[in-house]
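Per UniProt numbering, the very first residue in the sequence shown carries number 1; after that it's consecutive.
We put the CB at the ideal spot given by N, CA and C, even for glycine.
Bear in mind the structure is a predicted one, so any value in this text is a computation, not a measurement.
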Amino acid sequence: MKSAPTRRRLVLGFGTLAAAALLGGCGFKLRGPQPLAFSSIYLGVSRQSDLGAALHRRIVANGNTTITDDPAKAEVRLEILRDQTEREILTLTGGGKVREYQLQRLMSFRLVGRNGNEWIPVTTISARREYNFDDAQILAKEQEEALLFRDMQIDLIDQLMRRLAAAKP
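Given below as C-alpha coordinates:
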(Lines of atoms letter the chains of each structure in order from A and count residues from 1; the text may use other names and numbers.)
(Lines give C-alpha, C1' and ligand atoms only; values in the text may rest on other atoms or scores of the structure.)
Protein backbone atom coordinates (compact mmCIF):
# COMPACT_ATOMS: atom_id res chain seq x y z
CA MET A 1 0.00 0.00 0.00
CA LYS A 2 1.33 3.43 -0.99
CA SER A 3 1.84 6.09 1.60
CA ALA A 4 -0.05 9.40 1.59
CA PRO A 5 3.00 11.52 0.53
CA THR A 6 3.60 9.26 -2.49
CA ARG A 7 -0.05 9.51 -3.58
CA ARG A 8 0.04 13.24 -3.08
CA ARG A 9 3.11 13.51 -5.35
CA LEU A 10 1.44 11.31 -7.94
CA VAL A 11 -1.75 13.42 -7.94
CA LEU A 12 0.29 16.63 -8.02
CA GLY A 13 2.35 15.29 -10.94
CA PHE A 14 -0.78 14.36 -12.92
CA GLY A 15 -2.31 17.76 -12.13
CA THR A 16 0.79 19.58 -13.33
CA LEU A 17 0.89 17.47 -16.48
CA ALA A 18 -2.80 18.16 -17.17
CA ALA A 19 -2.33 21.92 -16.67
CA ALA A 20 0.66 21.95 -19.03
CA ALA A 21 -1.33 20.02 -21.65
CA LEU A 22 -4.26 22.43 -21.38
CA LEU A 23 -2.02 25.51 -21.68
CA GLY A 24 -0.14 24.02 -24.61
CA GLY A 25 -3.35 22.98 -26.35
CA CYS A 26 -5.03 26.37 -26.08
CA GLY A 27 -2.21 28.18 -27.88
CA PHE A 28 -0.79 29.93 -24.82
CA LYS A 29 2.69 31.32 -25.27
CA LEU A 30 4.68 33.99 -23.52
CA ARG A 31 4.83 37.40 -25.14
CA GLY A 32 8.03 38.30 -26.80
CA PRO A 33 9.21 40.13 -29.88
CA GLN A 34 6.69 39.54 -32.63
CA PRO A 35 8.03 39.63 -36.18
CA LEU A 36 6.63 42.38 -38.38
CA ALA A 37 5.35 41.60 -41.88
CA PHE A 38 7.44 44.33 -43.51
CA SER A 39 11.19 44.73 -43.90
CA SER A 40 11.47 48.52 -43.58
CA ILE A 41 9.42 51.27 -41.97
CA TYR A 42 9.45 55.06 -41.87
CA LEU A 43 8.34 56.46 -38.51
CA GLY A 44 6.35 59.64 -38.84
CA VAL A 45 7.55 60.90 -35.48
CA SER A 46 10.83 62.51 -34.42
CA ARG A 47 13.43 60.25 -32.81
CA GLN A 48 14.18 63.07 -30.37
CA SER A 49 10.70 62.85 -28.81
CA ASP A 50 10.00 60.37 -26.02
CA LEU A 51 7.47 58.55 -28.20
CA GLY A 52 9.77 58.43 -31.22
CA ALA A 53 12.74 57.15 -29.21
CA ALA A 54 10.66 54.45 -27.52
CA LEU A 55 9.12 53.32 -30.84
CA HIS A 56 12.54 53.25 -32.47
CA ARG A 57 13.95 51.08 -29.66
CA ARG A 58 11.04 48.62 -29.82
CA ILE A 59 11.18 48.17 -33.59
CA VAL A 60 14.97 47.75 -33.56
CA ALA A 61 14.64 45.21 -30.72
CA ASN A 62 12.25 43.18 -32.89
CA GLY A 63 15.20 42.51 -35.15
CA ASN A 64 13.66 41.89 -38.58
CA THR A 65 12.63 45.43 -39.59
CA THR A 66 14.87 48.39 -40.39
CA ILE A 67 13.91 52.01 -39.83
CA THR A 68 14.61 54.38 -42.69
CA ASP A 69 14.77 58.16 -42.69
CA ASP A 70 13.39 58.41 -46.23
CA PRO A 71 9.68 57.60 -46.60
CA ALA A 72 10.17 56.77 -50.30
CA LYS A 73 12.59 53.94 -49.44
CA ALA A 74 10.39 52.38 -46.75
CA GLU A 75 8.02 49.52 -47.43
CA VAL A 76 5.50 51.13 -45.04
CA ARG A 77 5.02 54.50 -43.32
CA LEU A 78 3.70 54.84 -39.80
CA GLU A 79 1.79 58.10 -39.56
CA ILE A 80 1.08 59.34 -36.04
CA LEU A 81 -1.95 61.56 -36.57
CA ARG A 82 -2.55 62.48 -32.93
CA ASP A 83 -0.70 62.02 -29.67
CA GLN A 84 -2.61 63.81 -26.97
CA THR A 85 -2.60 63.83 -23.17
CA GLU A 86 -5.56 64.92 -21.09
CA ARG A 87 -6.14 65.51 -17.39
CA GLU A 88 -9.69 65.66 -16.11
CA ILE A 89 -11.10 66.22 -12.64
CA LEU A 90 -12.77 63.01 -11.51
CA THR A 91 -14.02 63.88 -8.00
CA LEU A 92 -14.10 66.88 -5.69
CA THR A 93 -14.16 67.14 -1.90
CA GLY A 94 -17.05 68.75 -0.07
CA GLY A 95 -14.99 71.95 0.06
CA GLY A 96 -14.60 72.05 -3.72
CA LYS A 97 -10.99 70.86 -3.84
CA VAL A 98 -9.84 68.25 -6.30
CA ARG A 99 -9.68 64.75 -4.80
CA GLU A 100 -9.02 62.61 -7.90
CA TYR A 101 -7.85 63.15 -11.44
CA GLN A 102 -8.25 60.94 -14.47
CA LEU A 103 -5.36 60.98 -16.93
CA GLN A 104 -5.81 59.88 -20.51
CA ARG A 105 -3.46 59.51 -23.43
CA LEU A 106 -4.82 59.11 -26.94
CA MET A 107 -2.92 58.14 -30.04
CA SER A 108 -4.28 57.98 -33.58
CA PHE A 109 -2.20 56.41 -36.32
CA ARG A 110 -2.32 54.62 -39.62
CA LEU A 111 0.08 52.40 -41.53
CA VAL A 112 0.43 53.12 -45.25
CA GLY A 113 2.26 50.98 -47.81
CA ARG A 114 4.70 52.27 -50.42
CA ASN A 115 2.00 52.27 -53.10
CA GLY A 116 -0.44 54.22 -50.91
CA ASN A 117 -2.66 51.36 -49.77
CA GLU A 118 -3.55 51.29 -46.08
CA TRP A 119 -2.20 48.33 -44.16
CA ILE A 120 -3.91 49.67 -41.02
CA PRO A 121 -6.65 52.30 -41.42
CA VAL A 122 -6.86 55.26 -39.04
CA THR A 123 -6.97 53.72 -35.56
CA THR A 124 -7.19 55.37 -32.16
CA ILE A 125 -5.82 53.68 -29.08
CA SER A 126 -5.98 55.03 -25.56
CA ALA A 127 -4.85 54.45 -21.99
CA ARG A 128 -6.39 55.82 -18.80
CA ARG A 129 -5.19 56.09 -15.23
CA GLU A 130 -6.70 57.60 -12.09
CA TYR A 131 -4.88 58.99 -9.09
CA ASN A 132 -5.70 60.67 -5.79
CA PHE A 133 -4.61 64.27 -5.43
CA ASP A 134 -3.49 66.03 -2.26
CA ASP A 135 -2.70 69.78 -2.16
CA ALA A 136 -0.21 69.18 0.64
CA GLN A 137 1.93 66.96 -1.60
CA ILE A 138 1.94 68.87 -4.89
CA LEU A 139 5.52 67.99 -5.93
CA ALA A 140 5.03 64.29 -5.20
CA LYS A 141 1.73 64.28 -7.07
CA GLU A 142 3.32 65.99 -10.08
CA GLN A 143 5.96 63.24 -10.14
CA GLU A 144 3.27 60.59 -9.79
CA GLU A 145 1.39 62.13 -12.72
CA ALA A 146 4.55 62.12 -14.85
CA LEU A 147 5.15 58.44 -14.01
CA LEU A 148 1.56 57.58 -14.91
CA PHE A 149 1.88 59.35 -18.28
CA ARG A 150 5.13 57.45 -18.93
CA ASP A 151 3.39 54.19 -18.02
CA MET A 152 0.53 55.02 -20.38
CA GLN A 153 3.03 55.69 -23.18
CA ILE A 154 4.54 52.23 -22.66
CA ASP A 155 1.05 50.73 -22.73
CA LEU A 156 0.22 52.54 -25.99
CA ILE A 157 3.48 51.44 -27.60
CA ASP A 158 2.69 47.84 -26.60
CA GLN A 159 -0.75 48.16 -28.20
CA LEU A 160 0.75 49.75 -31.31
CA MET A 161 3.40 47.02 -31.67
CA ARG A 162 0.72 44.30 -31.44
CA ARG A 163 -1.24 46.01 -34.19
CA LEU A 164 1.88 46.41 -36.34
CA ALA A 165 2.67 42.70 -35.85
CA ALA A 166 -0.84 41.79 -37.04
CA ALA A 167 -0.73 44.11 -40.09
CA LYS A 168 -0.85 42.45 -43.49
CA PRO A 169 -0.71 44.04 -46.95
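Straight-line CA distance for P121 to V76?
Each residue's alpha carbon lies about 13 angstroms from the other.
Uninterrupted alpha helix (DSSP H) stretches inside the segment 22-97 (no shorter than 4 residues):
As far as the segment 22-97 is concerned, its whole alpha helix (DSSP H) runs of at least 4 residues are 50-62.
Just curious, the beta strand (DSSP E) that A127 is in, first and last residue?
Segment E118 to N132, the beta strand (DSSP E) holding A127.
CB-CB under 6 angstroms to residue 173, same chain, minus the five flanking residues each way: which ones, in chain order?
Summary: the structure shown does not reach residue 173, with the chain confined to residues 1 through 169, and so no result is reported for it.
Using only alpha-carbon positions, find the residue among E79, L90, S39 and E86 that is nearest to F133.
It is L90 whose Cα lies nearest to the Cα of F133.
Since Q153 contacts L51 with CB under 8 angstroms, what's their CB separation in whole angstroms?
About 6 angstroms; that satisfies the 8 angstroms criterion.
Assigned exposure category for F109 - 16 Cβ within 10 Å defines buried:
Buried, by the Cβ-count rule.
Looking at the strands, I want to know which residues DSSP matches up with R110.
Paired residue(s): E79.
If you count every other CB in all the chains shown that lies within 10 Å of the CB of V11, and 16 or more means buried, which is it?
Exposed.
Which same chain residues end up closer than 7 angstroms to T93 when comparing Cβ atoms and leaving out the 5 residues on each side of it in sequence?
Only R99 meet the Cβ criterion.
Residues near E86 by beta carbon distance below 6 angstroms, same chain, minus five either side:
Closer than 6 angstroms at Cβ, skipping near neighbours: Q104.
Would you decide whether L160 is buried or exposed? Buried here means 16 or more other CB atoms lie within 10 Å of its CB.
So L160 counts as buried.
Tell me which residues share the same chain as E79 and place their Cβ nearer than 8 angstroms to its Cβ, disregarding the 5 neighbours each side in the sequence.
Cβ within range, chain order: G44, F109, R110, L111 and V112.
Throw me the rounded Cβ distance for the H56 and I67 pair, which I believe falls under 8 angstroms.
Indeed, because the Cβ distance is near 6 angstroms, the residues count as touching under 8 angstroms.
Could you tell me the boundaries of the alpha helix (DSSP H) in which Q153 lies?
From DSSP, the alpha helix (DSSP H) with Q153 extends over I138 to A166.
Taking R163 as the reference, give the member of W119, A140, A21 and A136 with the closest Cα.
The residue among W119, A140, A21 and A136 with its C-alpha nearest the C-alpha of R163 is W119.
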